[in-house]
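K.L.:
The structure's right below; bear with me while I get my questions together.
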Amino acid sequence: MEVIIQPTREAAAHLVARIIARELRANPHLVLGLATGKTMECVYRELVRLRQEQGLDFSLCSTFNLDEYVGLFPSDPNSYRHYMEHQLFRQVNIDPRNTHLPNGMAEDLDAECRRYEATIQRFGGIDLQLLGIGKAGHIGFNEPLSALRSRTRVKALTPTTLEQNAPFFGGEDKMPRRAITMGVGTIIEARRCLLLATGDSKAAVLAQAVEGPITSMVSASALQLHARCTVVVDEAAAGRLAGKDYYRWIFANEPEWEEYR
Ligand code: F6R
């Protein structure tokens, strides 16, 4: 795992967008795993800017989102399909047929989960998976106790997640109670993982994920098993990391990061 600390939320998000852009330029057929949520909005804004100002080309890439709520139509303003359409897909030159999210309205949800896994396989697996982290340590909607080898499936949302996302719905009572999510096992099969965490509300759980034991109680800690995982944080989210000085030293000295410094 590598941890890169940036001074601000914007700087952290922009660095993540630059890493994605670099991978996309190197491989126009990139299979990109995407996340939703507040943290990612700044990343998508920057990718849209790179499209508009530098012609970053999305025409050949494919995307797979981590998750989708059960019971919301794609047109619902709170669905993750709606989020992605507005934050990114409609603002760049991606082929809509190459954008994939689980269908939370499927009649047979288990079959839908199997279909989603099979589609990822058919596209050759995910090259780069973008991740946020929830206050309960989830990646995707892999809530505490998610098996480290879990695959795409339906998960009940925990009280912490309901509380975290309720404001978008105008109250917990209006929120779906379940979501389809890629499993922890699905996520860590991506060839590269890129986690972005910003704000002091993520500091404690981020320290657990990066420096604590690998445990299904904090599903993001499974990323410690990944051969190529980059964690980008702002100062606020880095607040509880014990090894900050060491991470800064690596970033300042590792040749791979030269163009990002
Ligand atoms: C959403 C997802 C979640 C979020 C996490 C952080 O697709 O995968 O794991 O990344 O809940 O959400 P924000 O950024 O809203 O704090």
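Residue numbers are given in my numbering: position 48 of the sequence shown equals residue 317, and the series is strictly consecutive. In this text, a Cβ means the ideal position worked out from N, Cα and C, and glycines have one as well. These numbers come from a predicted model, not from an experiment.
Would Y515 be called buried (16 or more neighbouring beta carbons within 10 Å of its own) or exposed?
P.N.:
Y515 should be labelled exposed.
K.L.:
In this structure, what does DSSP give as the bridge partners for R461?
P.N.:
R461 is bridged to L397.
K.L.:
Return the CA-CA distance between M309 and A281, expressed in angstroms with no decimal places.
P.N.:
Their Cα atoms are separated by approximately 11 Å.
K.L.:
State the Cα-Cα distance for the pair T427 and A435, rounded to the nearest angstrom.
P.N.:
C-alpha separation (whole angstroms): 12 Å.
K.L.:
Find the nearest neighbour of C357 within the set D379, G340, S328 and T450, judged by alpha-carbon distance.
P.N.:
The displayed chain sequence assigns Leu, not Cys, to residue 357. Residue S328 is the option with its Cα nearest to L357.
K.L.:
Buried or exposed: T467, going by 16 or more other Cβ atoms within 10 Å of its Cβ?
P.N.:
The residue in question, T467, is buried, as its Cβ has 16 or more Cβ neighbours within 10 Å.
K.L.:
Quick test of the definition: if touching needs 3 or more C-beta pairs under 8 Å, does the segment 345 to 363 touch the segment 312 to 330?
P.N.:
A contact exists between the segment 345 to 363 and the segment 312 to 330.
K.L.:
Looking at R517 and I289, is the spacing between their C-beta atoms short of 8 Å?
P.N.:
Not in contact: I289 and R517 (Cβ atoms no closer than 8 Å).
K.L.:
Could you check if S419 is buried or exposed, using at least 16 other CB atoms within 10 Å of its CB as the buried criterion?
P.N.:
S419 comes out buried.
K.L.:
Consider the C-beta atom of A521 and the heavy atoms of the ligand F6R; say whether any pair is separated by less than 7 Å.
P.N.:
Because no heavy atom of the ligand F6R lies under 7 Å away, the Cβ of A521 does not count as near it: no.
K.L.:
Whose CA, out of I449, T430 and A448, lies closest to the CA of G440?
P.N.:
The residue with the shortest Cα to Cα distance from G440 is T430.
K.L.:
Could you give the DSSP three-state label for D336: helix, strand or coil?
P.N.:
It is a strand residue.
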